[in-house]
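Colleague: Residue numbers (full-length UniProt numbering): 11 to 251. Where a beta carbon is used, it is the ideal one built from N, C-alpha and C, also for glycine.
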Amino acid sequence: LGKDIISLTECHSTNDLAMERVKAKVAAEGSIIISEKQTKGRGQRGNQWQSEAGKNLTFSIILRPDFLDPTEQFDMNIAVSLAIWEVLNDYANGLKVKWPNDLYHESEGKIGGILIENSIGSRGIDFSVIGIGLNINQKDFAISGASSLYNLSGLEFDRWEVFKLLIQALEKKYMMLKKGGREFLRASYIQNLYQFGELKSYEDGEKFLGRITGITQEGKLIIEKENGTKNHYGFKEVTFL
Ligand code: BTN
11 LGKDIISLTE CHSTNDLAME RVKAKVAAEG SIIISEKQTK GRGQRGNQWQ SEAGKNLTFS
71 IILRPDFLDP TEQFDMNIAV SLAIWEVLND YANGLKVKWP NDLYHESEGK IGGILIENSI
131 GSRGIDFSVI GIGLNINQKD FAISGASSLY NLSGLEFDRW EVFKLLIQAL EKKYMMLKKG
191 GREFLRASYI QNLYQFGELK SYEDGEKFLG RITGITQEGK LIIEKENGTK NHYGFKEVTF
251 L
């Protein structure tokens, strides 16, 4: 990963640029587009991704996980979130992976997110664009519930050092996924999952108390309600309160 790095000062969205390269068939596996500023950064569920220019990391990696069936896409989310978690957790304690793939701190909030977009061909996932947004040195946030490594630790970080470690960790986890380490990755994901096993409030149309007990093969969140019923939730179907 990262033999080919395109480094920009500004673009609309590194995910959009990466996808354009995929569509134009000029994308090599492992290439990375990184930008100091995005004017139209995108998040999950159609949200915007806001990030102060020059303070954080916003980049996209192009991969070809043709060994994954489209029903196994979530395993890529798992590998990527774990790789990021491992690197950031060395800098700031108490970080968790919040389902599906946020980097989250219980009291400080969200410090990073992942947006994976696939191009599906006749034989399954043809290309995967892995978009990563991490708040590193940003101090002030317009939206509540967002934070950064700086706010967690009081330290400023060398972003290129963090970037280098991230690429190494991502490559390792990607190879692990490729070589059949899926179950191991799933188990580590569960181990670092925010609120796993704890009795907490959620909302799925109505408020309820329940415990996260796992994830399904396709990555749905399994929550056992207080009354014993177990539900599987897709991305937009449950809110953490
Ligand atoms: C989320 O909603 O949590 C996912 C955020 C993903 C943001 C990154 S920043 C680099 C890449 N380019 C984008 O437009 N989005 C992703």
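Report yes or no: do the segment 146 to 160 and the segment 32 to 42 share at least 3 C-beta pairs separated by less than 8 Å?
Modeller: The segment 146 to 160 is not in contact with the segment 32 to 42.
Colleague: Compare the C-alpha of I225 against each of L195, E213 and L251 and name the closest.
Modeller: Of L195, E213 and L251, the residue nearest in Cα terms is L195.
Colleague: Tell me, to the nearest whole angstrom, how far the beta carbon of T249 is from that of E213; I am working on the premise that it is less than 8 Å.
Modeller: 4 Å
Colleague: Inspect the CB distances between the segment 79 to 99 and the segment 118 to 135 and report whether three or more fall short of 8 Å.
Modeller: yes
Colleague: Relative to the C-alpha of I153, which residue among W59, D100, Q54 and K182 is closest?
Modeller: W59
Colleague: Hey, could you find the ends of the beta strand (DSSP E) Y243 is sitting in?
Modeller: Per DSSP, Y243 belongs to the beta strand (DSSP E) from K240 to Y243.
Colleague: Terminal residues of the continuous beta strand (DSSP E) containing V36?
Modeller: That residue, V36, is in no beta strand (DSSP E); it is neither H nor E in DSSP.
Colleague: Please determine whether the Cβ atom of W59 lies at a distance below 7 Å from any heavy atom of the ligand BTN.
Modeller: yes
Colleague: Give me the residue from G207, K240, A28 and A156 with the minimum Cα distance to I126.
Modeller: Comparing Cα positions, the closest option is A28.
Colleague: Suppose you measure from the CA of A156 to the CA of G164; what does that come to, to the nearest Å?
Modeller: 15 Å
Colleague: Does the Cβ of G238 lie closer than 7 Å to at least one heavy atom of the ligand BTN?
Modeller: no
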